[in-house]
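Under the working numbering, the first residue of the sequence shown is numbered 70, with each subsequent residue one higher. Everything below concerns the one structure shown next.
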Amino acid sequence: MSGRTPDHPVRIPVNFQDWEHLTFLHWPYDVATVQSLVPDELTVQQWDGRTWVGITPFRMVGVRPPGLPPPGWGAFPELNVRAYVRTQDGRDGIWFLGMLVPRRTFIAALGSLGLPYEHSHSAVSMDSSRWVYRFGTPHWLRSHRDDWFQAAVDVGLPLEATERTPLVESITGRWSAYHRRGRVLWRTPVEHEPWPLHAATASGRLTAPLRWAGLPAPTHEPLVHAAPAVHARLGMPRPA
70 MSGRTPDHPV
80 RIPVNFQDWE
90 HLTFLHWPYD
100 VATVQSLVPD
110 ELTVQQWDGR
120 TWVGITPFRM
130 VGVRPPGLPP
140 PGWGAFPELN
150 VRAYVRTQDG
160 RDGIWFLGML
170 VPRRTFIAAL
180 GSLGLPYEHS
190 HSAVSMDSSR
200 WVYRFGTPHW
210 LRSHRDDWFQ
220 AAVDVGLPLE
230 ATERTPLVES
240 ITGRWSAYHR
250 RGRVLWRTPV
260 EHEPWPLHAA
270 TASGRLTAPL
280 RWAGLPAPTH
290 EPLVHAAPAV
300 HARLGMPRPA
């Protein structure tokens, strides 16, 4: 189940990834609106009658299979739009409404697993406690070098124990990712250390990815958290 620590170990990883300078931007949404965007086999989770949708820009580093050198992608920005879902047997996780990276070969490799990656010219920069992300208008073939998504994030102090509420732990600590390949729904298990969450504020052009994913513009300001880095182990995808 979701939470601060992984609900199961990934004993035989098939991929390692380091996620650096990650920001969680979350907005509340009507449950039925988000449910219409996920497969019928998944149920959108709700808290107090609403659900949450996240945008997570970050820096992907060191993608590599075990025992082999990195395939040459280097470090690059990524942005995900994520919904929080549960299967019929009660296991919760993430359904990605959209994923953006600037590496076309990475898109080809991960798209073969059914992950909805598209191309976007992008950049991330760090100046002490200010992290700035830029992603251009996405397109599978010809993306634009514009500030379609632009966020300036000011990172504050680590969260106190009382600030790591059950909601915050649940929407950040997710240990399964769901994706569809062909007619089969798959689950990829994920393991990493607990998120080192910090308080943060964000400004800029933040909401275009939500509309791109099929959602209406949000009516609330985002809930914002930041995390310096985690080191992830991904297991073998298996039918969900």
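For every residue, glycine included, the Cβ atom is placed at its ideal position computed from N, Cα and C.
How far does the beta strand (DSSP E) with residue i in it extend, from its first residue to its last?
i      : result
Ala269 : His267 to Arg274
Glu89  : Asn84 to Tyr98
Leu254 : Val253 to Glu260
Val79  : No beta strand (DSSP E) holds Val79; DSSP gives it neither H nor E.
Val107 : Premise fails: Val107 is in no beta strand (DSSP E) and is neither H nor E.
Pro227 : Phe218 to Pro227
Leu188 : Reading off the sequence shown, one finds His at residue 188, where the question assumed Leu. Tyr186 to His188 is the extent of the beta strand (DSSP E) around His188.
Ala230 : First-last for Ala230: undefined, no H or E at that position.
For residue i, verify whether its CB is less than 7 Å away from any heavy atom of the ligand COA.
i      : result
Pro297 : Summarising the ligand content, the structure contains no ligands, and the ligand COA is consequently not present.
In chain order, what residues of the same chain lie with their CB nearer than 8 Å to the CB of residue i, ignoring the 5 residues before and after it?
i      : result
Ser71  : Tyr153, Asp161, Gly162, Glu238, Ser239, Ile240, Gly242, Arg243 and Trp244
Val103 : Val113, Thr120, Val122, Ala152 and Leu284
Ile81  : Gly304 and Met305
What are the boundary residues of the alpha helix (DSSP H) that includes residue i?
i      : result
Trp281 : Ala277 to Trp281
Ala178 : Arg173 to Gly180
Val237 : Pro235 to Thr241
Would residue i pass as a contact of residue j if the rule is Cβ separation under 8 Å?
i      : j      : result
Gly123 : His90  : no
Glu275 : Pro227 : Here residue 275 is Leu; the residue named in the question, Glu, does not match the sequence. For Leu275 and Pro227, no; Cβs fall outside 8 Å.
Gly205 : Arg211 : no
Leu303 : Pro108 : no
His188 : His208 : yes
Arg256 : Pro306 : yes
Pro278 : Leu184 : no
Leu121 : Tyr247 : The residue you asked about is not Leu; residue 121 is Trp in the sequence shown. The answer is no: Cβ separation not under 8 Å.
Ala271 : Gly167 : no
Arg128 : Pro263 : no
Pro126 : Tyr186 : no
Asn84  : Pro134 : yes
Pro97  : His294 : no
CB-CB under 6 Å to residue i, same chain, minus the five flanking residues each way: which ones, in chain order?
i      : result
Gln86  : Val132 and Ala301
Trp142 : Val132, Arg172 and Phe175
Ala310 : For residue 310 there is no data in the structure shown, the boundaries of the chain being 70 and 309.
Per DSSP, what are the beta-bridge partners of residue i in this structure?
i      : result
Gln157 : Paired residues: none, contrary to the question.
Met305 : Note: Met305 sits in no beta bridge, so no partner.
Glu147 : Phe127
Met195 : Trp200
Leu169 : Leu148 and Glu187
So is residue i in contact with chain B if we call contact Cβ pairs under 8 Å?
i      : result
Gly143 : No chain B appears in the structure shown, which is made up of a single protein chain.
Spatial neighbours of residue i within its chain, please: CB distance less than 7 Å, with the 5 preceding and 5 following residues excluded, ordered by chain position.
i      : result
Gly385 : Residue 385 lies beyond the stretch modelled for the chain, which goes from 70 to 309, so this question has no answer here.
Ser198 : Asp223 and Val224
Pro291 : Leu94, His95, Trp96, Ala271 and Leu275
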